[in-house]
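Here is the structure we will look at, set down as structure tokens.
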Amino acid sequence: MEITLATLPNYLRQRPAMTRSFERGATFRIEEIGDGNLNTVYRVSDARHPECSIVLKHAPPYIKILGPDYPLSIERLTFEARALELYGHFASGTVPAQYDFDPKAAVIAMEDLRDAHVLRDDLINGTVDTAIAEQIGRFMGIAHSRTHVNNVGNTTAAHYKQQFANTTMQSITADYVFSFPFTEHETNFWTPGLEPEIQRLKADTDFLEQTEHLKRIFLTAQQGVTHGDLHTGSVLVQGDTAKVIDAEFAFYGPVGFDLGLFWANYLLAYFSHQDNPRIRSALKTAIWQTWQTYTTEFEMTDTELKAQTLENIFREAIGFSGLEILRRLIGAAHVKDIENILDIPQKLRAENAALQFGTTLVKQHNAFSDVAVVIAML
Ligand SMILES: Nc1ncnc2c1ncn2[C@@H]1O[C@H](COP(=O)(O)OP(=O)(O)OP(=O)(O)O)[C@@H](O)[C@H]1O
Ligand SMILES: [Mg+2]
Numbered sequence: 030m031e032i033t034l035a036t037l038p039n040y041l042r043q044r045p046a047m048t049r050s051f052e053r054g055a056t057f058r059i060e061e062i063g064d065g066n067l068n069t070v071y072r073v074s075d076a077r078h079p080e081c082s083i084v085l086k087h088a089p090p091y092i093k094i095l096g097p098d099y100p101l102s103i104e105r106l107t108f109e110a111r112a113l114e115l116y117g118h119f120a121s122g123t124v125p126a127q128y129d130f131d132p133k134a135a136v137i138a139m140e141d142l143r144d145a146h147v148l149r150d151d152l153i154n155g156t157v158d159t160a161i162a163e164q165i166g167r168f169m170g171i172a173h174s175r176t177h178v179n180n181v182g183n184t185t186a187a188h189y190k191q192q193f194a195n196t197t198m199q200s201i202t203a204d205y206v207f208s209f210p211f212t213e214h215e216t217n218f219w220t221p222g223l224e225p226e227i228q229r230l231k232a233d234t235d236f237l238e239q240t241e242h243l244k245r246i247f248l249t250a251q252q253g254v255t256h257g258d259l260h261t262g263s264v265l266v267q268g269d270t271a272k273v274i275d276a277e278f279a280f281y282g283p284v285g286f287d288l289g290l291f292w293a294n295y296l297l298a299y300f301s302h303q304d305n306p307r308i309r310s311a312l313k314t315a316i317w318q319t320w321q322t323y324t325t326e327f328e329m330t331d332t333e334l335k336a337q338t339l340e341n342i343f344r345e346a347i348g349f350s351g352l353e354i355l356r357r358l359i360g361a362a363h364v365k366d367i368e369n370i371l372d373i374p375q376k377l378r379a380e381n382a383a384l385q386f387g388t389t390l391v392k393q394h395n396a397f398s399d400v401a402v403v404i405a406m407l
């Protein structure tokens, strides 16, 4: 079933649980607020009491921006709903509250994070609040440690594996992060001038081997519930609080993937702010803080394996981080942080520096065990 602006009021009347905070018989005011590629997101308010509002996320059976010729399973929203529930359970307040979920129509009704802004936009504007990064570090630490196979035992891990067997979305990531950017693919694009570096990368057998190795980990490691798309566009900042959204890629996999994506997007912000040492320094501190709050959550678990578990997570996170940086420079989905730089020589300088750093992270990810060492290389 596909829901549109025109059919939404009728749908909501048949599903009163979604608007249970509204006055009975309320008239709905609806606006589309989503800026994403895959789904539609609406804000629905009670026309007479606009302070009463919810956000609806709907997954059409195709990729929204490409249209019905590009089908995509609506099950993606079931995984998002499960992840929201799990995160709400273990780390209450770190995600929007979920009011209702309709798997048949693929609609989630959730808390409206009013006046929230996207973390990526803050970083682009040079607003770097290290407390926000700390909160995301803690969020990841809780979600990962509470679901980690080394901490929960085999029966519970088997349950999570079954609940988060999101193979469709996982294989999209495998293609767009680990494969397409490093082959000839129609979705790749880059700033003219970056060509020689990209050719060098594509011919670097050591790099390609490490990428293959990381892809295998991404597809086979079963460690804990992984958000799967935790870049700075998946964090909304409301006042001084960070909230994580957009968990449709959630899967039971290598948890370091979340840290890697998050760090990579802070690093891309770092490379974009070439001439501002104050912002750069704050971004470095933010990366460091993420790891401190992350590990604190793991330290609380009483498994003998925790030191080794954290070491593995860290190394894999560094490798994934390198690949995320690279695919954002040459693959299908670039980031505003860099794309907003209009001066081409300046943009190329940022991209070349990011490309070099990303390549080093991929090739040497197994040699790192300390976030301070990685930061010191910047
Ligand atoms: N609970 C919420 N409260 C307020 N705004 C929200 C909420 N959820 C989503 N939004 C807004 O809608 C936008 C898109 O949401 P989301 O990222 O979940 O959609 P998506 O279609 O899955 O995006 P993508 O194509 O990036 O995967 C967010 O960037 C944010 O601006
Ligand atoms: Mg999404």
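So for the sequence shown, the working numbering puts the first residue at 30; every next one is plus one.
No residue lacks a Cβ here, since even glycine has one placed at the ideal position from N, Cα and C.
In this text the structure is predicted, and so the values were computed from the model without any measurement.
Heavy atom of ligand 2 within 6 Å of residue i beta-carbon
i: Glu140; result: no
i: Gly65; result: yes
Beta-carbon proximity check, residue i vs residue j, cutoff 7 Å
i: Ile32; j: Asn66; result: no
i: Val266; j: Ile165; result: no
i: Gly257; j: Phe280; result: yes
i: Leu41; j: Thr48; result: yes
i: Gly348; j: Leu243; result: yes
i: Ile62; j: Val73; result: no
i: Gly268; j: Arg149; result: no
i: Ala145; j: Leu106; result: no
i: Gln239; j: Val391; result: yes
i: Ile227; j: Ser301; result: no
i: Ala383; j: Val157; result: no
i: Glu345; j: Gly282; result: no
i: Glu353; j: Leu407; result: no
i: Arg58; j: Ala76; result: yes
i: Ala408; j: Asp129; result: Since the displayed the chain opens at 30 and closes at 407, residue 408 lies outside it and no answer follows.
i: Asp287; j: Thr255; result: yes
i: Arg307; j: Tyr299; result: no
i: Val403; j: Trp320; result: no
i: Ser174; j: Thr270; result: no
i: Ala55; j: Asn68; result: no
i: Ile137; j: Lys86; result: yes
Ligand 1 heavy atom lying under 6 Å from the CB of residue i
i: Asp275; result: yes
i: Pro125; result: yes
i: Val84; result: yes
i: Asn154; result: no
i: Val264; result: no
i: Val70; result: yes
i: Ile161; result: no
i: Ile103; result: no
i: Ile62; result: yes
Beta-bridge pairing of residue i - partner residues as DSSP gives them
i: Val136; result: His87, Asp131
i: Leu265; result: Val147, Lys272
i: Thr208; result: It should be pointed out that residue 208 corresponds to Ser in this sequence rather than to Thr. Beta-bridge pairing links Ser208 to no other residue.
i: Glu61; result: Tyr71
i: Pro100; result: Tyr91
i: His78; result: Asp75
i: Val400; result: Paired residue(s): none; Val400 is not in a bridge.
i: Thr255; result: Phe280
For residue j and residue i, believed in contact at Cβ under 8 Å, the rounded distance
i: Gln375; j: Gln303; result: 7 Å
i: Ala172; j: Ala250; result: Rounded, the Cβ-Cβ distance is 16 Å, inconsistent with contact.
i: Thr220; j: Leu377; result: 6 Å
i: Asn217; j: Phe209; result: 7 Å
i: Leu223; j: Glu104; result: Actually they are not in contact, since the Cβ atoms of Leu223 and Glu104 sit about 37 Å apart, beyond 8 Å.
i: Ala35; j: Thr159; result: Rounded, the Cβ-Cβ distance is 45 Å, inconsistent with contact.
i: Asn395; j: Ile153; result: Not really, about 32 Å apart at Cβ, beyond 8 Å.
i: Phe247; j: Leu230; result: About 19 Å separates the two Cβ atoms, so there is no contact after all.
i: Asn305; j: Gly117; result: Going by Cβ atoms, the distance from Asn305 to Gly117 rounds to 37 Å, so no, they are not a contact pair.
Notebook entry, point to check: At a cut of 8 Å, does the segment 104-114 reach the segment 271-286 through at least three beta carbon pairs?
Noted result: yes
Item checked: Any 3 or more C-beta pairs closer than 8 Å across the segment 289-299 and the segment 349-363 -> yes
Next item on the list: Could you tell me whether the segment 318-336 touches the segment 165-177, using the rule of 3 or more Cβ pairs below 8 Å?
Entry: yes
Next item on the list: Decide yes or no for the touch test of the segment 339-352 against the segment 178-189: beta carbon pairs closer than 8 Å, at least 3 of them.
Entry: no
Note to self: Any contact between the segment 139-151 and the segment 116-127? By contact I mean 3 or more CB pairs, one from each, below 8 Å.
What the structure shows: yes
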